[in-house]
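A.B. asks: The working numbering puts the first residue of the sequence shown at 1, with every later residue one more than the last.
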Amino acid sequence: MSVEVIAIGGYQEVGKNMTAVRIGDDVVIFDMGIHLDRISMHEDTDIDRMHSLDLIERGVIPDDTLMKDVDGKVKGIVFSHGHLDHIGAVAKLAHRYDAPLIGTPYTAALIEKQIKGERKFKVTNPIKVL
1 MSVEVIAIGG YQEVGKNMTA VRIGDDVVIF DMGIHLDRIS MHEDTDIDRM HSLDLIERGV
61 IPDDTLMKDV DGKVKGIVFS HGHLDHIGAV AKLAHRYDAP LIGTPYTAAL IEKQIKGERK
121 FKVTNPIKVL
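Quick look at the structure:
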């Protein structure tokens, strides 16, 4: 069985954390964060109303478009903790994956708040508490 770690964001920078791990045909994503410095550069922008591709282009959220080249099915999206550099992009990216959002009770509550504030995409992924 092959194992692959896919560095999507948050490497060689602080923010935009996102990693995928593929084991055989199963994929687990860890974190979907924002780059806080990039948001402050565009403070006049309402990111809740922006499309994810525009945010990717501005370097605010991870470029998960490379996931289309990853063989396997995403089985879950696990959040390590509730800081924005780890959960801030959940409302922009999670709807692309048919997988539950998984975190601690506190992190799950923060994720739910992020999703409720989203105005561009409807996120219907179930939230599971560890």
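Glycine included, C-beta positions come from ideal geometry on N, C-alpha and C.
Between L93 and G10, what straight-line distance do the alpha-carbon atoms span, to the nearest angstrom?
C.D. replies: One-based indexing of the sequence shown puts residue 93 at position 93. One-based indexing of the sequence shown puts residue 10 at position 10. About 15 Å.
A.B. asks: Using the rule of at least 16 other Cβ atoms within 10 Å of the residue's Cβ for burial, across every protein chain shown, is K16 buried or exposed?
C.D. replies: Translated into the one-based positions of the sequence shown, residue 16 becomes position 16. Flag for K16 reads buried.
A.B. asks: Can you give me the C-alpha to C-alpha distance between R119 and H83, rounded to a whole angstrom?
C.D. replies: Here the question's residue 119 lines up with position 119 in the sequence shown. Here the question's residue 83 lines up with position 83 in the sequence shown. Distance between the alpha carbons of R119 and H83 is about 21 Å.
A.B. asks: Write down the C-beta distance between I29 and V60 rounded to the nearest angstrom, noting that I regard them as a contact closer than 8 Å.
C.D. replies: Here residue 29 refers to the residue found at position 29 of the sequence shown. Here residue 60 refers to the residue found at position 60 of the sequence shown. No, I29 and V60 are not in contact; Cβ-Cβ is about 18 Å, not under 8 Å.
A.B. asks: Determine the DSSP secondary structure at A20, reduced to helix, strand or coil.
C.D. replies: Along the sequence shown, one-based indexing puts residue 20 at 20. DSSP places A20 in strand when its eight states are reduced to three.
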